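Residue numbers (our numbering): 582 to 743.
#1: For a quick check, are the C-beta atoms of residue 684 and residue 698 less than 8 angstroms apart?
#2: For residue 828, which option in 660, 673 and 734 has the closest C-alpha, if you only look at C-alpha atoms?
#3: Do you know how far the Cα of residue 713 is from the Cα of residue 689?
#4: Could you check if residue 583 is buried or exposed, using at least 16 other CB atoms within 10 Å of its CB as the buried criterion?
#5: Please list the segments of the beta strand (DSSP E) lying wholly inside the segment 613 to 679, counting only runs of 3 or more residues, in order along the chain.
#6: Would the beta-carbon of residue 664 fall within 8 angstroms of that of residue 628?
#7: Looking at the structure shown, is residue 583 part of a helix, part of a strand, or coil, going by DSSP?
#8: Checking 8 angstroms against the spacing of the C-beta atoms, do residue 602 and residue 721 come in under that value?
#9: Grab the span of the beta strand (DSSP E) containing residue 603 for me, first residue to last.
#10: Please name the residue, chosen from 662, 612 and 637, that lies closest to residue 691 on a Cα-to-Cα basis.
#11: Between the beta-carbon of residue 650 and the beta-carbon of residue 621, is there less than 8 angstroms?
#12: With DSSP collapsed to three states, give me the class of residue 681.
#13: So the candidates are 626, 604 and 668; which of them puts its Cα closest to the Cα of residue 637?
#14: If you follow the alpha helix (DSSP H) that residue 742 is in, where does it begin and where does it stop?
#15: Whole alpha helix (DSSP H) runs in the segment 685 to 743 with 4 or more residues, listed along the chain?
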């Protein structure tokens, strides 16, 4: 989806929310939701901000030690989130919503080297320098059970019924 196509879908009432996100170190998308018209009038042109804290936390959202980019000693601030307008996607599982992936930038406009998307971009560039390409995919697997989380926990996850 292009910015022009998004604009058309917003005008037609088909898209009302834009998720502006980036992958954290665990591959989870984190970011913000914007009303679509606000996204078009502001965020698409000027970007937004996201807390650098999100690059330093574990899965429980506790900040970890050892990060120069953000820590308790130097503080946690914001990086610029610049939407990569080539990444627009409608979200079929969230009707009326679209997603755009962002790059994290420092105040001087440089990419935040520690951001997972920046790391990936550097690795892809290194492959290209060697005349190589990479094709990969993730395999998502899950199981559905009849029990609630509480019942599964109470049973020690031993009495699950698919």
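By construction, the Cβ of each residue, glycine as well, lies at the ideal position given by its N, Cα and C atoms.
Every value quoted in this text rests on a predicted model; they were computed, and no experiment measured them.
The relevant details are as follows:
#1: Residue 684 places its beta carbon less than 8 angstroms from that of residue 698.
#2: Examination of residue 828 is not possible in this model, given that the chain is present from 582 through 743 alone.
#3: So the alpha carbons of these two residues sit roughly 31 angstroms apart.
#4: So residue 583 counts as exposed.
#5: Segments of the beta strand (DSSP E) lying fully in the segment 613 to 679: 629 to 632 and 659 to 664.
#6: Yes, the Cβ-Cβ distance between residue 664 and residue 628 is below 8 angstroms.
#7: Assignment of residue 583 by DSSP, reduced to helix, strand and coil, places it in the coil class.
#8: Not a contact, by the Cβ cut-off of 8 angstroms.
#9: 598 to 604 is the span of the beta strand (DSSP E), which, as asked, contains residue 603.
#10: Among 662, 612 and 637, the Cα nearest to that of residue 691 belongs to 662.
#11: The answer is no: Cβ separation not under 8 angstroms.
#12: The answer is strand: DSSP assigns residue 681 an E or B state.
#13: It is 604 whose Cα lies nearest to the Cα of residue 637.
#14: Residue 742 -> no alpha helix (DSSP H), and no H or E assigned at all.
#15: Correct list: 697 to 710 and 730 to 735.
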